[in-house]
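Going by my numbering, 1161 is the number at position 29 of the sequence shown; the sequence numbering is gapless.
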Amino acid sequence: MGSNLKQQIQAQHPIAGCFISIPHPASVEACAVSGIDFICIDAEHSAVGRDTLENMIRAAECAKLPSLVRVPDAKSGWIGWALDSGADGIIVPRVETEEDAKLIVNAAYYSPKGSRGVGIARGSSYGASLLSDTENAHDHTCVIVQIETLEGVHNAQKIINVPGIDAVFIGPFDLGLSLRAVPEHERPTLESTILTIRQTCEASGINVGIFIPSAGDVKKFAEFPLKIIGTDVMHLQQGLKSIGAALSVPD
Ligand code: 3PY
Ligand code: MG
1133 MGSNLKQQIQ
1143 AQHPIAGCFI
1153 SIPHPASVEA
1163 CAVSGIDFIC
1173 IDAEHSAVGR
1183 DTLENMIRAA
1193 ECAKLPSLVR
1203 VPDAKSGWIG
1213 WALDSGADGI
1223 IVPRVETEED
1233 AKLIVNAAYY
1243 SPKGSRGVGI
1253 ARGSSYGASL
1263 LSDTENAHDH
1273 TCVIVQIETL
1283 EGVHNAQKII
1293 NVPGIDAVFI
1303 GPFDLGLSLR
1313 AVPEHERPTL
1323 ESTILTIRQT
1333 CEASGINVGI
1343 FIPSAGDVKK
1353 FAEFPLKIIG
1363 TDVMHLQQGL
1373 KSIGAALSVP
1383 D
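Here is the structure:
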């Protein structure tokens, strides 16, 4: 609620966050002590439900850590729920058209920028800051769209031209899968497709981020200002594997 994450994103400061998919505030608290810049609670690919989500956002706020929520889609009501719960912004997956982007902006901002519904909810201090919140929320609500399909790549310029979009976030896994639909002999590489998106964003002065699944990918994506470095469950596995490997090394 009201962190300066949006300013950092708009100014294209290099920042790194982590996806949280373990549906419990403890995972948020554990990530908070790591020194990352923000978390993104993943409601697209995890079991995080609405009430748990609010407690996870609460935990982030206690730790002074900005929180984004990756919602499952733009239509299900999750954008409003996430923001009403006090999240600093949303990431919406699989954005493919200008119309998708407009729908997202409409759901994320109060009138006159959009038509977000007003609620006596945690995000407005249960109504105590309702008026100021409806006036100021557009200054601190981060609206980030994922481009991770071929159609999204083709429409990237139109998507980022929609006023109210703060950043594009590339999902390399889905993008790689999407490319499989192109016949092999004319298929662009994943790397060149990622570069195309990055250059389109850069030419329009809009922030661009990417998911970095492992330490081995950090160098490759160093030039992206906005990074999400893995997920809590991946870090659990990687931590256990690396300690396990050290255990099996003889003295
Ligand atoms: C993808 O790689 O498809 C993602 O959405 C990363 O989170
Ligand atoms: Mg994806």
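Glycine residues also receive a C-beta, built at the ideal position from the N, C-alpha and C atoms. For clarity, every value in this text was computed on a predicted model and none was experimentally measured.
Inter-residue distance for THR1332 and PRO1382 is about 50 Å (C-alpha atoms, whole angstroms). For VAL1300, the enclosing beta strand (DSSP E) begins and ends at 1299-1302. Following the DSSP letters along the chain, one finds SER1380 in no alpha helix (DSSP H), marked with neither H nor E. When C-alpha distances from ALA1347 are compared across ILE1236, ILE1154, ILE1360 and VAL1237, the shortest belongs to ILE1360.
In terms of side-chain proximity, the C-beta atom of PHE1356 is found no nearer than 7 Å to any non-hydrogen atom of the ligand 3PY.
Judged by pairs of C-beta atoms under 8 Å, the segment 1305-1320 does not touch the segment 1261-1274, as fewer than three such pairs exist. In the DSSP assignment, SER1199 falls within the unbroken beta strand (DSSP E) covering 1199-1202.
In this structure, PRO1157 has its beta carbon at no less than 7 Å from each heavy atom of the ligand 3PY. At least one heavy atom of the ligand 3PY lies closer than 7 Å to the C-beta of PRO1304. Check the Cα spacing between GLY1341 and each of HIS1145, ASN1136 and TYR1241: the tightest is with HIS1145.
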